[in-house]
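So the sequence shown is numbered by numbering that gives the first Met the number 0: it starts at 0 and just counts up by one. Glycine included, each C-beta is placed from N, C-alpha and C at the ideal position. Because the structure is a prediction, the values reported are computed rather than measured.
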Amino acid sequence: MYRCTDCGAEHPKWGGKCDSCGAWNTLAEEVLSKRQVTVGRPSANGPIPVRLKDLDASETPRLRTDIAELDFVLGGGIVPGSLTLVGGEPGVGKSTLLLQCASQLEQSGVVTLYASGEESASQIKLRADRLDENAGAVRVLPEVRLESVVAHATNVGARVLVVDSIQTVFTDDLEGAPGNVGQVRECAAKLMRFAKETGCAVVLVGHVTKGGGIAGPKTLEHIVDTVVYFEGELSSGFRILRAVKNRFGSIDEVGIFEMTASGLIGVKNPSAAFISSRDANATGTAITALMEGSRPVLVEIQALASKSGFGTPQRVATGLEQKRLAVLLAVLERRAGIPFADLDVFVNVTGGVRLIETASDLAVIAALWSSVSNRPVPSNSMFLGEVGLGGEIRPVGSTERRIAEAARLGFSRAYVPARGKIAEGFDTVAIAHVSELADAVAA
Ligand code: TYD
Ligand code: MG
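Written as structure tokens, this is what we have:
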């Protein structure tokens with residue numbers, strides 16, 4: 000059989016070009032091993048069926064990293080023998096997070112090996128010197144050959160092995176260059192076997208390009224036990240760690256970090272951090288509460304509408320989908336009679352947070368209204384509601400939890416859809432339609 004060394008596609012005949020990925024001259028011959036299946040005879044030392052009730056119920060203790068936000072996202076710590084993938088764009092802070100994690104583990108007596116194919120040992124040391132943690136005890140190994148990494152991990156008796164990154168390691172068994180799909184998958188599969196056989200937890204770093212790209216960790220998601228993504232606007236200091244798959248915990252939770260001059264620090268009170276630099280009397284700003292996992296987090300939405308110079312007016316959205324902004328502008332124009340045709344519109348979500356819920360629609364609209372009419376919204380208020388195409392405001396989930404978070408931070412009024420559930424002891428103003436916004440906010 001012929002297999003493409005880039006994408007792994009199988010071909011019965013040799014060809015100059017891979018039909019599947021289009022790469023030239025990548026097909027390599029492979030011997031198909033004939034597996035003999037003998038019916039009725041189990042393998043000599045293989046596993047045998049057991050009843051679940053006969054299994055030892057005591058849960059294997061997790062390895063706590065003492066980085067509270069990381070433990071939280073993983074569901075209480077690293078599970079021994081598990082394979083975890085930490086994905087993220089280059090420069091977001093994956094190596095920093097894992098070096099901090101390794102140093103915490105090492106300090107609590109868990110032998111950790113940090114294998115890096117990206118940086119030399121002295122470069123890792125430079126990074127370590129910047130951190131608050133004392134990473135001196137961490138063993139580092141600048142190596143790209145997988146077999147060697149695994150052998151060293153066995154020799155030092157590592158209970159946690161960090162491989163930074165999966166795109167830089169290669170196995171002797173395949174010819175392709177490190178980073179191609181075949182290599183990435185084979186290396187991950189080998190590390191998976193190593194983890195399951197020895198009980199050593201393996202943490203892989205995977206780079207993702209903006210598009211989710213080349214030989215990306217996407218191809219690994221089904222192999223590994225846990226996938227966490229590290230994201231955030233590089234220009235802002237805030238980073239969000241999000242579990243998208245977790246065989247040993249929930250995928251609801253997110254951890255929020257701030258990148259500082261001495262490494263990543265967990266943000267204990269994200270709401271306060273995200274709205275801290277707010278000018279309460281400024282126009283064009285509104286507060287809303289997002290659900291980040293099961294936690295409500297307050298964020299500030301800023302809008303600026305200014306006279307457009309010439310040509311097609313600009314629509315610039317940061318932290319919000321461009322298309323969603325277009326929808327909201329159209330609704331405001333048609334249903335509330337606010338013209339945007341000759342205005343440039345800029346919308347920004349502070350802290351580098353991305354709005355993925357529609358629950359923040361009403362806040363975006365309030366910020367736009369405030370900018371156009373040059374009047375601030377009441378400073379103690381927050382906005383919750385999804386905007387429909389007819390201009391109607393729809394209720395959103397977890398209203399009480401979001402309002403409770405706002406109350407905790409000193410807010411005293413929420414603008415919510417009429418049909419939404421309304422919390423006690425907090426001033427709530429019902430808005431059923433976008434045309435009511437102006438009167439409701441000015442009152
Ligand atoms: P890094 O962990 O190298 O990112 P990744 O491994 O995801 O590519 O982090 C790189 C960025 O973090 C870099 O721009 C410098 C910054 N940084 C700090 O701001 N403070 C620090 O203490 C460290 C170690 C890095
Ligand atoms: Mg790195």
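For my contact list, residue i and residue j are in at a C-beta cut-off of 8 Å; report their separation, rounded to the angstrom.
i, j, result
"Thr167", "Gly116", "3 Å"
"Leu96", "Phe229", "7 Å"
"Val344", "Ala302", "7 Å"
"Ala242", "Glu252", "6 Å"
"Leu69", "Leu203", "Not confirmed; about 15 Å, so no contact."
"Asp128", "Gln103", "The pair is not a contact, with the Cβ atoms about 17 Å apart (cut-off 8 Å)."
"Leu62", "Ala200", "7 Å"
"Phe169", "Val148", "Contact doesn't hold; Cβ gap of about 10 Å is too wide."
"Val346", "Val440", "Not a contact, Cβ separation roughly 18 Å."
"Arg158", "Val227", "Arg158 to Val227, Cβ: 19 Å. No contact."
"Val348", "Thr317", "7 Å"
"Leu84", "Leu219", "6 Å"
"Leu130", "Gln99", "6 Å"
Tell me whether residue i is buried or exposed, calling it buried when 16 or more other Cβ atoms sit within 10 Å of its Cβ.
i, result
"Gln321", "exposed"
"Pro269", "buried"
"Val162", "buried"
"Phe309", "exposed"
"Ile108", "First, the amino acid is wrong: residue 108 is Gly here, not Ile. Result: exposed."
"Ala214", "The pLDDT assigned to Ala214 is 48, lower than 50, so where the model puts this residue is not dependable; a value taken from the coordinates is nonetheless given after this. With 16 or more other Cβ atoms within 10 Å, it is buried."
"Asn280", "exposed"
"His514", "Residue 514 is absent from the structure shown; the chain starts at 0 and stops at 442."
"Gly7", "buried"
"Thr59", "exposed"
Figure out for me which residue from the options has the closest Cα to the Cα of residue i.
i, options, result
"Glu299", "Thr197, Ser378, Val143, Glu174", "Ser378"
"Glu105", "Trp13, Arg412, Ala134", "Ala134"
"Asp438", "Asp426, Tyr414, Gly45", "Tyr414"
"Arg126", "Leu383, Glu174, Leu263", "Leu263"
"Leu446", "Gly75, Thr284, Asp128", "No information on residue 446 is available, as it lies outside the stretch 0 to 442 that the chain covers here."
"Gly236", "Val78, Gly265, His221, Ile250", "Gly265"
"Leu331", "Val386, Ala260, Ala288, Leu98", "Val386"
"Gly409", "Ala358, Ile286, Gly7, Thr225", "Ile286"
"Tyr430", "Leu324, Lys16, Arg393", "A small fix is needed here, since residue 430 is Ile in this sequence, not Tyr. The shortest Cα separation from Ile430 among Leu324, Lys16, Arg393 belongs to Arg393."
"Ile250", "Thr59, Gly74, Asn44, Lys16", "Gly74"
"Ala340", "Gly80, Val315, Gly175, Ser307", "Ser307"
"Ser234", "Ala281, Ala279, Gly350, His151", "Gly350"
"Glu232", "Arg400, Asp55, Pro89, Pro60", "Pro89"
"Gly86", "Arg238, Ala316, Thr282, Gln313", "Arg238"
"Leu342", "Ser369, Ala358, Arg314", "Arg314"
"Gly156", "Arg323, Gly198, Gly181", "Gly198"
"Gly292", "Ile355, Asp172, Ala304", "Ile355"
"Ser164", "Ala8, Arg50, Ala358, Gln182", "Gln182"
"Leu82", "Val91, Leu328, Cys186", "Cys186"
"Thr25", "Pro46, Arg2, Val38", "Arg2"
Where residue i and residue j are concerned, what is the direct C-alpha to C-alpha distance, given to the nearest angstrom?
i, j, result
"Val223", "Met381", "40 Å"
"Met0", "Arg192", "25 Å"
"Ile274", "Gly396", "22 Å"
"Gly389", "Val363", "16 Å"
"Pro416", "Phe425", "15 Å"
"Val428", "Val326", "24 Å"
"Asn373", "Asp5", "57 Å"
"Ser261", "Ala272", "18 Å"
"Arg333", "Val371", "15 Å"
"Ala136", "Gln122", "16 Å"
"Pro41", "Pro141", "42 Å"
"Val433", "Ser369", "13 Å"
"Leu383", "Leu324", "16 Å"
"Leu160", "Thr357", "40 Å"
"Ala366", "Val352", "17 Å"
"Pro79", "Leu51", "20 Å"
"Glu132", "Ser19", "47 Å"
"Ala120", "Ser305", "52 Å"
"Glu399", "Ala101", "39 Å"
"Gly76", "Asn245", "12 Å"
Could you give the first and the last residue of the continuous beta strand (DSSP E) run that contains residue i?
i, result
"Ile255", "253-259"
"Leu160", "159-163"
"Phe273", "Here Phe273 belongs to no beta strand (DSSP E); instead the alpha helix (DSSP H) covers 269-273."
"Gln166", "Counting along the chain, Gln166 falls outside any beta strand (DSSP E), and DSSP gives it neither H nor E."
"Leu367", "Run containing Leu367: none in the beta strand (DSSP E); it sits in the alpha helix (DSSP H), 360-372."
"Lys306", "294-306"
Return the first residue and the last residue of the alpha helix (DSSP H) that residue i is part of.
i, result
"Asn154", "145-155"
"Phe345", "That residue, Phe345, is in no alpha helix (DSSP H); its beta strand (DSSP E) goes 342-348."
"Met191", "180-197"
"Cys100", "93-106"
"Lys322", "321-334"
"Leu73", "67-73"
"Ile402", "398-407"
So, is the C-beta of residue i closer than 8 Å to a C-beta in chain C?
i, result
"Gln301", "No chain C appears in the structure shown, which is made up of a single protein chain."
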